[in-house]
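All remarks here apply to the structure that follows.
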Amino acid sequence: MDITFESFAKLIYRLSHPPQARSRENRTFTPADIFTSWLNHLDRPLPPGSGKHVLRILFPHEGCRRRYGMKEMKLACELERILRIKGLSRWDSAGSPGGGSGCLGLEVQRVCKERTTSRVSSLTLAEIDLRLDQLASYSPFSQLEVPPCDPPSQTDILSHLFRDSNLSSYASGLLIQIILQDIRPFLDPLPKLALRNATSLLRMKSTHGPPQLDLLSAMRAWDPRMADMFVDGKGDLDWYSEAQAIFRAQLGLLNALALLGFAHARLKPQWARRLERTNLMNPDFIADSLHHFYLLHSSLEAGRPLPVNTSILERLVYHSQSSDGTRTNAWKGDSEPNFEQREEDQALAALGQKLTWNLCHDEQMSIFAATTVAMTYVASGLEELTREIADLVGETSLAGLDRARERRA
Numbered sequence: 250m251d252i253t254f255e256s257f258a259k260l261i262y263r264l265s266h267p268p269q270a271r272s273r274e275n276r277t278f279t280p281a282d283i284f285t286s287w288l289n290h291l292d293r294p295l296p297p298g299s300g301k302h303v304l305r306i307l308f309p310h311e312g313c314r315r316r317y318g319m320k321e322m323k324l325a326c327e328l329e330r331i332l333r334i335k336g337l338s339r340w341d342s343a344g345s346p347g348g349g350s351g352c353l354g355l356e357v358q359r360v361c362k363e364r365t366t367s368r369v370s371s372l373t374l375a376e377i378d379l380r381l382d383q384l385a386s387y388s389p390f391s392q393l394e395v396p397p398c399d400p401p402s403q404t405d406i407l408s409h410l411f412r413d414s415n416l417s418s419y420a421s422g423l424l425i426q427i428i429l430q431d432i433r434p435f436l437d438p439l440p441k442l443a444l445r446n447a448t449s450l451l452r453m454k455s456t457h458g459p460p461q462l463d464l465l466s467a468m469r470a471w472d473p474r475m476a477d478m479f480v481d482g483k484g485d486l487d488w489y490s491e492a493q494a495i496f497r498a499q500l501g502l503l504n505a506l507a508l509l510g511f512a513h514a515r516l517k518p519q520w521a522r523r524l525e526r527t528n529l530m531n532p533d534f535i536a537d538s539l540h541h542f543y544l545l546h547s548s549l550e551a552g553r554p555l556p557v558n559t560s561i562l563e564r565l566v567y568h569s570q571s572s573d574g575t576r577t578n579a580w581k582g583d584s585e586p587n588f589e590q591r592e593e594d595q596a597l598a599a600l601g602q603k604l605t606w607n608l609c610h611d612e613q614m615s616i617f618a619a620t621t622v623a624m625t626y627v628a629s630g631l632e633e634l635t636r637e638i639a640d641l642v643g644e645t646s647l648a649g650l651d652r653a654r655e656r657r658a
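In terms of our numbering, the numbers along the sequence shown are unbroken and rise by one, the last being 658.
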């Protein structure tokens, strides 16, 4: 399930107000404990890319991916037009009548507190990450791997984030500081004093604030391997967020291959011959799969974008249609079954006999089914690995070829 930005805002509040541990030592929870607890309470399974979304927004100052070209004054004037309010431009006029606190995010939180509704925002971190990429695409100093195509205007993006999304006042102020790439006013808030002036604040010890969560601790809580690679490698947050997704896809593919080898070794010869009749054992499809592995390996090794290629699942459908024209014609129409349904029908047809009670209770039938499922997982795992590698190294695009595909579709 997608992580909502309101849930992320609660994490920031807990990090800035760490709860006391239930012990006689009167000890507070560490930032790593709070972050780990928040991760454990998220609804699973998490969608792909959740790790990079969390780390990008939790540490907006890390890396050079996004530059917005919007400082406090410009952003305050833009918000005044969008929200139709006045006073945000005086966010730093602490000494004047009606002046601000010196933090634009806190000023937005104060203003939005009077305008909040009872509806809970459903804005997710993935959508926030996409909108921030669109907002950063207007700055020439941003280093986005793939700039958004035809992004909305900056005014439309800010209107969606702060006016149409129904964010709470705390989440709205936090989002302002994320755009300003400095969430310290929310992670380490100023203490509440009866008399607030510069002299009183300077006399306070800097150790009175809550301990801060660092990037490596957050990585270790999310995935220990990610932190180890970040230390030993080039230290690129976006790169290792994508690499984590690749390792997860590789692990799933290796598990499918292990299941395939375990099950296939226990098939009797007659059942193995039945397995060879399935589309997944088509020699042309196996050759395409091996060639696809080589393309992925070459792109990762050289760091070059993936060349134009056909999806491995589309290749499977192509070979199944070319090998059985009768079954292809039966599959045409509006109710065309999906990939899993096709393989299920093909696996039953490969048995060469009727599905009876005795056949279902045969041990070889269970092994045959496990082998077929494992081969299906290998094909779908290879497709997932291709998507993750394309997100990391990019993918070449030929406009003429894309238009030709659309015409023939």
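Note that beta-carbon positions come from the ideal geometry of N, C-alpha and C, so glycine has one too.
Computed from a predicted structure; not experimentally measured.
Using DSSP with H/G/I as helix, E/B as strand and the rest coil, what is residue i?
i: Gln392; result: coil
i: Glu311; result: coil
i: Glu612; result: helix
i: Gln269; result: strand
i: Leu291; result: coil
i: Glu644; result: strand
i: Thr605; result: coil
i: Leu555; result: strand
i: Thr279; result: coil
Would you report the Cα separation of residue i and residue j, rounded to the nearest angstrom?
i: Ala476; j: Ser466; result: 8 Å
i: Pro268; j: Ser418; result: 22 Å
i: Gln383; j: Pro396; result: 8 Å
i: Ser299; j: Asp611; result: 43 Å
i: Val357; j: Phe542; result: 51 Å
i: Ser646; j: Glu394; result: 14 Å
i: Lys320; j: Ser391; result: 15 Å
i: Thr577; j: His568; result: A caution first: Thr577 carries a pLDDT of 42, below 50, which makes its placement in the model unreliable, though a value can still be read off. About 10 Å.
i: Leu295; j: Leu260; result: 17 Å
i: Pro297; j: Gln493; result: 10 Å
i: Trp340; j: Tyr317; result: 19 Å
i: Arg293; j: Ser338; result: 42 Å
i: Val480; j: Phe617; result: 45 Å
i: Ala375; j: Glu255; result: 13 Å
i: Thr404; j: His302; result: 23 Å
i: Val557; j: Phe534; result: 18 Å
i: Ile217; j: Asp413; result: One cannot answer for residue 217 here, as it falls past the ends of the chain, which runs 250 to 658.
i: His546; j: Leu324; result: 45 Å
Using 10 angstroms around the beta-carbon of residue i, count the other beta-carbons present and answer buried if the total reaches 16, otherwise exposed.
i: Ala579; result: Because the pLDDT at Ala579 is just 38, under 50, the model does not fix this residue reliably, and the value given afterwards should be weighed accordingly. That one is exposed.
i: Ala514; result: exposed
i: Trp471; result: buried
i: Thr527; result: buried
i: Ala536; result: exposed
i: Cys352; result: buried
i: Asn531; result: buried
i: Ser386; result: buried
i: Lys362; result: exposed
i: Arg380; result: buried
i: Arg523; result: buried
i: Arg368; result: exposed
i: Gln461; result: exposed
i: Ser421; result: buried
i: Trp248; result: The requested residue 248 is not part of the displayed model; the chain covers only 250 to 658.
If contacts are defined as beta-carbon pairs under 8 Å, then residue i and residue j qualify, I think. What distance do you get, rounded to the angstrom?
i: Ala628; j: Leu544; result: So it is not a contact: roughly 16 Å between Cβ atoms.
i: Leu631; j: Ser548; result: The pair is not a contact, with the Cβ atoms about 14 Å apart (cut-off 8 Å).
i: Leu355; j: Pro434; result: 6 Å
i: Leu565; j: Met624; result: Contact doesn't hold; Cβ gap of about 10 Å is too wide.
i: Pro309; j: Ile432; result: 7 Å
i: Leu436; j: Leu424; result: In fact, because the Cβ distance is near 14 Å, the residues do not count as touching under 8 Å.
i: Trp331; j: Val360; result: Sequence check: residue 331 is Ile here, not Trp. The Cβ separation is near 12 Å, so there is no contact.
i: Ala505; j: Thr620; result: Going by Cβ atoms, the distance from Ala505 to Thr620 rounds to 11 Å, so no, they are not a contact pair.
Runs of alpha helix (DSSP H) lying entirely within the stretch 483-542, each at least 4 residues, in chain order: Taking only runs of at least 4 residues, the alpha helix (DSSP H) segments lying wholly in the stretch 483-542 are 486-513, 518-524.
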